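This report concerns only the one structure given below.
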Ligand SMILES: [Zn+2]
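Numbering (my numbering), first residue to last: 30 to 425.
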């Protein structure tokens with residue numbers, strides 16, 4: 030039993046609650062955009078259900094079973110997936126002025142250009158990132174001349190600590206890490222020294238290093254031992270020599286230790302030398318799943334085995350990965366790696382309204398590795414519509 034004072038107080042708060050509810054309904058009676066009836070998969074809040082998504086003022090305003098309200102624009106998403114805007118942490122989007130708009134069509138609302146340029150020409154990718162419609166940032170290549178056909182740091186003097194530090198100091202807002210490409214055809218026998226110099230640069234700014242692994246001179250254990258919490262290994266499915274798995278199917282102890290101390294493992298699909306189905310099979314069977322998907326995107330990707338990020342996200346569905354686990358690796362997981370994506374990778378109410386609407390098609394699909402081998406899958410994700418900052422992006 031409530032005494033009179035408790036009753037009055039309870040009644041007053043109930044009335045106040047009803048009042049605020051009514052006010053909220055009135056205010057939200059009209060949205061800028063409603064995405065109706067899609068299967069919303071948002072691993073950041075463990076949601077996988079049919080929902081309407083209401084957007085106002087560039088932010089997610091409501092995610093509900095049914096929104097009874099009007100909107101200036103409506104997207105019918107019945108039969109489609111509605112997921113947080115995709116984040117691709119290894120691309121070369123900033124190599125071309127049109128890159129950002131091309132990946133935006135694929136649902137990519139945030140990207141990292143991973144080492145297309147070094148200190149000498151860092152202004153070029155930064156200019157592209159600065160004028161991109163979505164969030165884009167760059168990793169500086171430790172090789173001051175950037176990606177070279179003859180090898181970025183085959184000539185060790187190109188791994189110039191002073192030049193990289195100067196470039197970062199002048200561009201703190203756009204350089205978010207250091208990229209070191211360590212394959213033998215890029216560094217020769219300089220892999221350990223190039224990585225050591227990359228860490229020297231990165232740690233002085235509190236930034237991560239992303240290493241491009243695979244086909245290195247040094248054993249992978251030697252290299253991964255030099256990585257700190259927050260660093261990233263890309264091309265984690267690279268076949269031998271020096272992959273992350275031994276020939277008996279065991280993940281290297283140094284790799285397990287690296288994951289335990291907070292090193293991230295990323296796919297970096299790419300086109301040559303970075304993934305082969307038998308290596309992927311061994312690594313997936315060992316239970317060492319990637320933290321993030323990324324494309325290693327280039328302007329020609331659509332004509333290669335990469336195609337787009339949704340295609341790369343589809344490749345492990347046949348290895349027991351659920352749709353929700355695949356979406357996490359291109360949204361919330363990717364958002365955790367770089368602070369600029371802190372409020373992204375989620376459809377939580379209040380978050381910036383970056384949304385990827387995808388189609389999940391059933392059928393027979395061929396997926397390519399980097400060695401012209403194919404596997405067949407029964408499901409594939411296709412980009413449908415992108416919403417950036419609450420606005421629907423017109424299809425090109
Ligand atoms: Zn790359």
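Heads up, the beta-carbon is just placed ideally off N, CA and C, and yes, glycines get one too.
Bear in mind the structure is a predicted one, so any value in this text is a computation, not a measurement.
1. Relative to ligand 1, is the shortest distance from any of its heavy atoms to the C-beta of residue 383 smaller than 7 Å?
2. So, does the stretch 360 to 373 touch the stretch 109 to 128, judging by three or more C-beta pairs under 8 Å?
3. Does any heavy atom of ligand 1 sit closer than 7 Å to the C-beta of residue 149?
4. Is residue 325 near ligand 1, with its Cβ less than 7 Å from a heavy atom?
5. Given this structure, state the Cα-to-Cα distance separating residue 386 from residue 183, to the nearest angstrom.
6. Three-state secondary structure (DSSP) at residue 313?
7. Check each candidate in 316, 309 and 300 and name the one with the smallest Cα separation from residue 324.
8. Tell me whether residue 107 counts as near ligand 1, meaning its Cβ is closer than 7 Å to at least one heavy atom of that ligand.
9. Quick one: is residue 51 buried, meaning 16 or more other Cβ sit within 10 Å of its Cβ, or exposed?
10. In chain order, what residues of the same chain have a beta carbon less than 7 Å from the beta carbon of residue 105, not counting five sequence neighbours either side?
11. Have a look at residue 211 and residue 217 and give me their C-alpha separation to the nearest angstrom.
12. Can you tell me where the beta strand (DSSP E) holding residue 85 begins and where it ends?
13. With respect to the beta strand (DSSP E) encompassing residue 428, which residues constitute its N-terminal and C-terminal limits?
14. Straight-line CA distance for residue 339 to residue 226?
15. Buried or exposed for residue 202, please, with buried defined as at least 16 other CB atoms from any protein chain shown within 10 angstroms of its CB.
16. Can you tell me the Cα-Cα spacing of residue 178 and residue 60, whole angstroms?
17. Regarding residue 297 and ligand 1, is the C-beta to nearest heavy atom distance less than 7 Å?
18. In the DSSP assignment, the alpha helix (DSSP H) including residue 404 goes from what residue to what residue?
19. Taking just the CA atoms, how far does residue 293 sit from residue 169?
20. Closer than 7 Å to a non-hydrogen atom of ligand 1 - does that hold for the CB of residue 143?
21. Taking the alpha carbon of residue 332 as the reference point, which residue from 358, 396, 193 and 305 has its own alpha carbon closest?
22. Give the range of the beta strand (DSSP E) segment to which residue 113 is assigned.
23. Buried or exposed for residue 233, please, with buried defined as at least 16 other CB atoms from any protein chain shown within 10 angstroms of its CB.
24. Checking the sheet assignment: what are the DSSP bridge partners for residue 244?
25. Please state whether the Cβ-Cβ distance between residue 154 and residue 145 is less than 8 Å.
26. Taking 8 Å as the cut-off, decide whether the C-beta atoms of residue 113 and residue 321 are in contact.
27. When the Cα atoms are used, what is the spatial distance from residue 199 to residue 192?
28. With distances taken from CA atoms, which of 252, 362, 315 and 349 is nearest residue 213?
29. Using a threshold of 8 Å, state whether the C-beta atoms of residue 96 and residue 352 are closer than that.
30. Can you give me the C-alpha to C-alpha distance between residue 264 and residue 317, rounded to a whole angstrom?
31. Between 163, 378, 94 and 285, which lies nearest to residue 134 when the distance is taken from Cα to Cα?
32. My output table needs one value for residue 420: the three-state DSSP class, helix, strand or coil.
33. With respect to the beta strand (DSSP E) encompassing residue 146, which residues constitute its N-terminal and C-terminal limits?
34. Taking the C-alpha atoms as reference points, what is the distance between residue 419 and residue 68?
35. Which of helix, strand or coil does DSSP assign to residue 153?
36. What span of residues does the alpha helix (DSSP H) with residue 222 cover, start to end?
Reading it off the structure:
1. no
2. yes
3. no
4. yes
5. 43 Å
6. helix
7. Taking only the C-alpha atoms, the option nearest residue 324 is 300.
8. no
9. Caution is warranted here: a pLDDT of 43 is assigned to residue 51, below 50, making its placement in the model unreliable, and the coordinate value is therefore given only provisionally. With fewer than 16 other Cβ atoms within 10 Å, it is exposed.
10. 65 and 66
11. 8 Å
12. 76 to 85
13. The question about residue 428 has no answer here: the residues shown for the chain are numbered 30 through 425.
14. If you take the alpha carbons of residue 339 and residue 226, they lie about 35 Å apart.
15. Result: exposed.
16. 51 Å
17. yes
18. That residue, residue 404, is in no alpha helix (DSSP H); its beta strand (DSSP E) goes 403 to 417.
19. 18 Å
20. At least one heavy atom of ligand 1 is nearer than 7 Å to the Cβ of residue 143, so yes.
21. When only C-alpha atoms are compared, the closest one is 396.
22. Run containing residue 113: 110 to 113, per the beta strand (DSSP E) assignment.
23. exposed
24. None, per the DSSP bridge assignment.
25. yes
26. no
27. 11 Å
28. The shortest C-alpha separation from residue 213 is found at 252.
29. no
30. 14 Å
31. 163
32. Here residue 420 sits in strand by DSSP.
33. 137 to 147
34. 18 Å
35. helix
36. 220 to 232
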